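Asker:
Protein chains: 2
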Amino acid sequence: MKHHQITIVDIAKQLNTSKSTVSRALTGHPKVSPEKRKAILDLAHKLDYQKNLIALSLVKRKTNTIGVIVPEFSNSFFPHVVMAVQKIASQNGYSVIISQSDECYETEVENARVMLANHVDGLLVSISKQTTDFEHFKVFERKGIPLVFFNRICNEMQVPKIIVDDRHGAFQAVEHLIKIGKKRIAHLAGPQCLLIGQNRMNGYLDAMKKYDIPVDEELIKVCDLTVPVIKDSVNALMDMKQPPDGLFAFNDPTAIEAIRVVKSRGFKIPDDIAIAGFSNEYVSSFVEPSLTTVAQPIDEIGRCATNALFEQMKRDVSEWKAVTNVLNTELIIRNSTLSDIKP
Amino acid sequence: MKHHQITIVDIAKQLNTSKSTVSRALTGHPKVSPEKRKAILDLAHKLDYQKNLIALSLVKRKTNTIGVIVPEFSNSFFPHVVMAVQKIASQNGYSVIISQSDECYETEVENARVMLANHVDGLLVSISKQTTDFEHFKVFERKGIPLVFFNRICNEMQVPKIIVDDRHGAFQAVEHLIKIGKKRIAHLAGPQCLLIGQNRMNGYLDAMKKYDIPVDEELIKVCDLTVPVIKDSVNALMDMKQPPDGLFAFNDPTAIEAIRVVKSRGFKIPDDIAIAGFSNEYVSSFVEPSLTTVAQPIDEIGRCATNALFEQMKRDVSEWKAVTNVLNTELIIRNSTLSDIKP
DNA sequence: CTGTTAGCGCATTCAT
DNA sequence: ATGAATGCGCTAACAG
């Protein structure tokens, strides 16, 4: 038996009235007599009538769908942000299409193409570590589709951006390392094409300068977030005649990999070397020793980004705002920088 | 300036031919002269023409979108499954709409409604811990939309299901506890309305029976995956005159919470009490002590489920298969059950 | 091979 | 207040 979806015409026939009247009643239009309205609504309910959102999208030129492009789902950060996004979106009657770039530029371009083809009404983006060209996002601006960056942003586009104070967060972490007496502090830096990579590096440099600690270039290793490179970098550091006694990593996964290497080589944390990360991954409180890190307000990032997007979607293209919202971070001190913990 | 999306008529006008010819050329239809085809394709490329998938969906009655409903994104399991799903889907030219039920039945019903309204071509589902009624999923069957359950399945529906051998996995974990010499083994059971809850409990019972260990009902605590209940249950267990010396938890988050409580009360793991979990969450190798657990083939679950869905989508409703695919688990032994580890 | 027509399901003119 | 007609962008069936 072929399944025939119930449409407006079906209920129009049964009530032997016109499609337009039914449509009006269903859309809450005022100019329809109370009796007809009730009859239509009742029948629609009885038949379990569901509007065809596809048809609606076509005529309204609006899909009630927003897109989200994130680099990965491997760690806990992005899934948690997406949770917050979905919550707000569904509250506003929007669906969410999610895709991951897998930290790959080409995939990201393809993702953007799919979002465009699906006519999302707005797009939330955190760019991949490879992305330096933004043509695939500028298309959205030109087409009048609002765009909001979060966490990993594009500096050259005039759109809303939600970030945290990476520089100050990094500063605090390094300052903490200095205050517990560390002198030779290394930095496992992130990709320098990412603004957060630069900013966290700058926070590191700020702290070193403030406390008059000379910066040893040898102690700064730019990593690309892959395990082999992190391993090599940490090994190189610990192979030095005078290895570092403190380490600030670009993010928690990097810091955790560093902990593994350092421990396996027999160094004691934090006495031989204290380690701090960034972003307070879920796993970070569980590693041994638990990781000192800079926490980001994950929920708030998701909420702010989504709200900013909806704000833009309400506005006309001509009056789009391009405010950058900088959220605060919080230093979480754990055992990887605390030596006076007795078991 | 108003942005006018380029359509088939635009390029038809410029080439002063008919829309249908353009459409044919664009869809790779054979019956169109080589010159025309080239001219059309070239112009389309030059104008950066993109098909309007919405219009296409309307006429084809097919959206090239699949839906995924999962209980949560808080732990690493579901995000990782979704990663695998998205990979396969995008390879087949499908978009993915994801939503979380937050372990809440009402939300799940609403999610299903949205999926229906968006006319997904197929649906992947792992049910919430509250779900006992499946009317909101049976609608899909009736409408001819394929449905595949994974991990947390619905037993009363004749559709493809991807699960792991929960019972045997649980059996192995408990057997391991017995083999390392534990006698009083407790079980923090999962929701018994979930099949995985029942199966893992049965695996526990199987092992106890095989090794002739009398089952003490007091040692079985049914939990609901929330922290307070887990805490209370563990505390109750450890308050017993004769507390358990082994513990098998329904899943890793539950086991990890148990570890926390047990440690905070001064018991030694695994000497006083050995603990094992289920599902090998990402965090489980990092907790202290690292958690013995039953690993599930996450990628394979995602792949199998998605492939099964696509298989169904290819078939006519009349020849839908309802095979249940049972994947193997693997016992991962770590320090929470290994006492002979010297620091 | 190509052009014409109809229709997917809906909202929105324009008439009445 | 209601109905008829138009169109969103596209494909498919029907003619030539």
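Listed in order, the protein sequences are those of chains A and B. For the first sequence, full-length UniProt numbering begins at 1 and goes up steadily by one. For the second sequence, full-length UniProt numbering begins at 1 and goes up steadily by one. Glycine included, each C-beta is placed from N, C-alpha and C at the ideal position. Keep in mind the model is a prediction, meaning the values are calculated, not measured.
Measuring CB atoms only, is the region 98 to 107 of chain A touching the region 125 to 143 of chain B, in the sense that at least three cross pairs come out at less than 8 Å?
Answerer: The region 98 to 107 of chain A is not in contact with the region 125 to 143 of chain B.
Asker: Please report whether the beta-carbon of valine 96 of chain B lies at a distance below 8 Å from any beta-carbon of chain A.
Answerer: Yes, valine 96 of chain B lies at the interface with chain A (some Cβ there is under 8 Å from its Cβ).
Asker: What does the alpha-carbon distance come out to for the pair threonine 21 of chain A and isoleucine 40 of chain A?
Answerer: Threonine 21 of chain A and isoleucine 40 of chain A: Cα-Cα distance of roughly 9 Å.
Asker: Give me the DSSP bridge partner(s) of isoleucine 259 of chain A.
Answerer: Note: isoleucine 259 of chain A sits in no beta bridge, so no partner.
Asker: Check whether chain B comes within 8 Å of leucine 251 of chain A, counting only Cβ atoms and requiring the distance to be less than that.
Answerer: Before going further, note that residue 251 of chain A is asparagine rather than leucine in the sequence given. Closer than 8 Å: no.
Asker: Along the region 35 to 59 of chain B, where does the CB come closer than 8 Å to a CB of chain A? Name the residues.
Answerer: Per Cβ criterion, the list reads Gln50, Lys51, Asn52, Leu53, Ile54, Ala55, Ser57 and Leu58.
Asker: For cysteine 154 of chain A, count neighbouring C-beta atoms within 10 Å of its own C-beta (all shown protein chains included) and say buried if the count is 16 or more, exposed if not.
Answerer: With 16 or more Cβ atoms within 10 Å of its Cβ, cysteine 154 of chain A is classed as buried.
Asker: Can you give, in chain order, each stretch of the alpha helix (DSSP H) that sits fully within the region 9 to 82 of chain B and has at least 4 residues?
Answerer: Counting whole runs of 4 or more residues, the region 9 to 82 of chain B contains the alpha helix (DSSP H) stretches 19 to 26, 34 to 46 and 53 to 60.
Asker: Below 9 Å between beta carbons is the criterion; list the residues of the region 69 to 84 of chain B that meet it against any residue of chain A, in chain order.
Answerer: Within the region 69 to 84 of chain B, the qualifying residues are Glu72, Phe73, Ser74, Asn75, Ser76, Phe78, Pro79, His80, Val82 and Met83.
Asker: Excluding five sequence neighbours on each side, which residues of the same chain lie with their C-beta closer than 7 Å to the C-beta of aspartate 166 of chain A?
Answerer: Excluding sequence neighbours, aspartate 166 of chain A sits near Ile196, Asn199, Arg200 and Gly203.
Asker: I want to verify the contact list: residues of chain B whose CB lies under 9 Å from the CB of tyrosine 282 of chain A, in sequence order.
Answerer: Neighbours of tyrosine 282 of chain A on chain B, chain order: Ser74, Asn75, Ser76, Tyr282 and Val283.
Asker: Per DSSP, what kind of secondary structure is valine 227 of chain A in: helix, strand or coil?
Answerer: It is helical.
Asker: In chain order, what are the residue ranges of uninterrupted beta strand (DSSP E) at least 3 long that sit wholly in the region 264 to 306 of chain B?
Answerer: The region 264 to 306 of chain B contains these whole beta strand (DSSP E) runs: 274 to 276 and 293 to 295.
Asker: From the DSSP output, in three-state form, read off methionine 1 of chain B for me.
Answerer: The predicted position of methionine 1 of chain B is uncertain, since its pLDDT is 38 and thus under 50; a value taken from the coordinates is nonetheless stated next. It is coil, neither helix nor strand.
Asker: Between serine 99 of chain B and chain A, is any beta-carbon pair separated by less than 8 Å?
Answerer: Serine 99 of chain B counts as touching chain A.
Asker: Between the Cα of glutamine 5 of chain B and the Cα atoms of A:Ile66, A:Phe140, A:Pro71 and A:Val9, which residue gives the shortest distance?
Answerer: That would be A:Phe140, whose Cα lies nearest to the Cα of glutamine 5 of chain B.
Asker: So, helix, strand or coil for asparagine 328 of chain A, using DSSP?
Answerer: DSSP places asparagine 328 of chain A in coil when its eight states are reduced to three.
Asker: Relative to the C-alpha of valine 120 of chain A, which residue among A:Val227, A:Asp245, A:Ile66 and A:Thr226 is closest?
Answerer: It is A:Ile66 whose Cα lies nearest to the Cα of valine 120 of chain A.
Asker: Please list the terminal residues of the continuous alpha helix (DSSP H) segment that includes histidine 136 of chain A.
Answerer: Start and end: 135 to 143.
Asker: Closest to serine 76 of chain A by CA distance: which of B:Tyr282, B:Glu257, B:Val326 and B:Glu288 is it?
Answerer: Selected option, being the one with the closest Cα: B:Tyr282.
Asker: Which whole-angstrom value describes the C-beta separation of asparagine 64 of chain B and serine 95 of chain B, a residue pair presumed to lie in contact below a C-beta threshold of 8 Å?
Answerer: Their Cβ separation, rounded to whole angstroms, is 7 Å, which keeps asparagine 64 of chain B and serine 95 of chain B in contact under 8 Å.
Asker: What three-state label does DSSP hand glutamate 96 of chain A in the structure shown?
Answerer: Inspection of the sequence shows that residue 96 of chain A is occupied by valine rather than by glutamate. In the structure shown, valine 96 of chain A sits in a strand (DSSP, three-state: E or B).
Asker: Let's test the definition: count the other Cβ atoms within 10 Å of the Cβ of histidine 34 of chain B and tell me whether it reaches 16, buried, or not, exposed.
Answerer: The sequence shown places proline at residue 34 of chain B, not histidine. So proline 34 of chain B ends up on the exposed side.
Asker: Glutamine 109 of chain B by DSSP, collapsed to three states: which one?
Answerer: Residue 109 of chain B is actually valine in this sequence, not glutamine. Residue state, collapsed to three classes: helix.
Asker: Give me the chain B residues within the contact set of phenylalanine 286 of chain A, using Cβ-Cβ distance strictly less than 8 Å, ordered along the chain.
Answerer: Correct list: Ile256, Val283, Phe286, Val287 and Glu288.
Asker: Using 8 Å as the cut-off, can you tell me whether the region 106 to 115 of chain B makes contact with the region 76 to 88 of chain B, which would need three or more C-beta pairs spanning the two stretches below that distance?
Answerer: Verdict: no, contact absent.
Asker: Once the 5 residues before and after residue 351 of chain A are set aside, which same chain residues still bring their CB inside 6 Å of it?
Answerer: Summary: the structure shown does not reach residue 351 of chain A, with chain A confined to residues 1 through 343, and so no result is reported for it.
Asker: Between the beta-carbon of phenylalanine 310 of chain A and the beta-carbon of asparagine 118 of chain A, is there less than 8 Å?
Answerer: No, Cβ-Cβ distance for phenylalanine 310 of chain A and asparagine 118 of chain A is not below 8 Å.
Asker: Is it buried or exposed, isoleucine 318 of chain A, if we count other Cβ atoms within 10 angstroms and call 16 or more buried?
Answerer: Reading off the sequence, residue 318 of chain A comes out as serine, not isoleucine. It counts as exposed.
Asker: Provide the residue span of the alpha helix (DSSP H) that contains valine 174 of chain B, from first to last.
Answerer: Its alpha helix (DSSP H) spans residues 166 to 179.
Asker: State the Cα-Cα distance for the pair isoleucine 275 of chain A and valine 215 of chain A, rounded to the nearest angstrom.
Answerer: In a straight line, the C-alpha of isoleucine 275 of chain A is about 18 Å away from that of valine 215 of chain A.
Asker: How about alanine 173 of chain B and valine 294 of chain B: do their beta carbons lie closer than 8 Å?
Answerer: Cβ distance < 8 Å, so alanine 173 of chain B and valine 294 of chain B count as in contact.
Asker: Along chain B, which residues have their Cβ under 9 Å away from the Cβ of valine 262 of chain A?
Answerer: The contacting residues do not exist; valine 262 of chain A stays about 15 Å from chain B at best.
Asker: Going by the DSSP bridge assignment, what does phenylalanine 150 of chain B pair with across the sheet?
Answerer: In the DSSP output, where bridge partners are listed per residue, phenylalanine 150 of chain B has B:Ile162.
Asker: I need the boundaries of the beta strand (DSSP E) containing isoleucine 185 of chain B, first residue and last residue.
Answerer: Counting along the chain, the beta strand (DSSP E) containing isoleucine 185 of chain B begins and ends at 185 to 189.
Asker: Mind checking the region 97 to 130 of chain A against chain B and listing, in chain order, the residues whose C-beta falls within less than 7 Å of any C-beta there?
Answerer: Per Cβ criterion, the list reads Ile97, Ile98, Ser99, Gln100, Val114, Leu116, Ala117, Asn118 and His119.
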